[in-house]
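Note sheet for the following structure.
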Amino acid sequence: MQLTTHSDYAMRLLVYLAIHPKDKPATVKDASERYGISTNHLAKVAQKLVQENIVISQRGRGGGLQLALDPADINIGKLIRKTENLEILECFGEECACPIENVCILFSAMRKAQKAFLEVLDGYTLADVVKNKPQLMQSLNVA
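Each residue of the sequence shown is one higher than the one before, counting from 1154 in this note's numbering.
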């Protein structure tokens, strides 16, 4: 399964916020520059994470982004469910027009594969993926 750029950027932003020093505001612009990715696209991702109550956005001088939850409470599998369209085949949706849907073995296999994929991600939290915080900070030049 291939994740969208939206999910990729969501995970990157959460990693950035998890390792960012708490005494300095974290901004979309700074995160996008450190990752070398689109500021506009990352801003849309940040907005989605704010809507999902995963990130808090504070406007104005000294404002910025911060995690709304402890990293140990941000499950990667749940995050992917919120940021991805998991209808990887037409028949995964509610309006399937495939005439063999009810007897299709491929459908069953794809459902099992997707379930296994998400179950693996359910085993990880943001805290797990930032255990190497010093190396991440060094790689992103965060002080």
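By construction, the Cβ of each residue, glycine as well, lies at the ideal position given by its N, Cα and C atoms.
Since this is a predicted model, take the numbers as computed values, not measurements.
(request) Rounded to whole angstroms, what's the CA-CA distance from residue 1169 to residue 1233? Just pull it up for me. (result) Separation of residue 1169 and residue 1233 (C-alpha to C-alpha, rounded to the nearest whole angstrom) is 17 Å.
(message) Quick check: the Cα distance between residue 1276 and residue 1267, rounded to an integer number of angstroms?
(response) Roughly 15 Å between the two C-alpha positions.
(request) With a cut-off of 8 Å on the beta carbons, I'd call residue 1129 and residue 1294 a contact; round off their distance for me. (result) Past the edges of the chain, shown from 1154 to 1296, lies residue 1129, and the structure says nothing about it.
(request) Starting from residue 1210, follow its DSSP beta bridges and name the residues at the other end. (result) Note: residue 1210 sits in a beta bridge opposite 1218.
(message) Looking at the strands, I want to know which residues DSSP matches up with residue 1238.
(response) None, per the DSSP bridge assignment.
(request) On a CA-only basis, which of 1189, 1161, 1174, 1258 is nearest residue 1220? Give me that one, please. (result) Selected option, being the one with the closest Cα: 1174.
(request) Compute the distance between the beta-carbons of residue 1286 and residue 1190, then report whether it is under 8 Å. (result) With contacts defined by Cβ atoms closer than 8 Å, residue 1286 and residue 1190 do not form a contacting pair.
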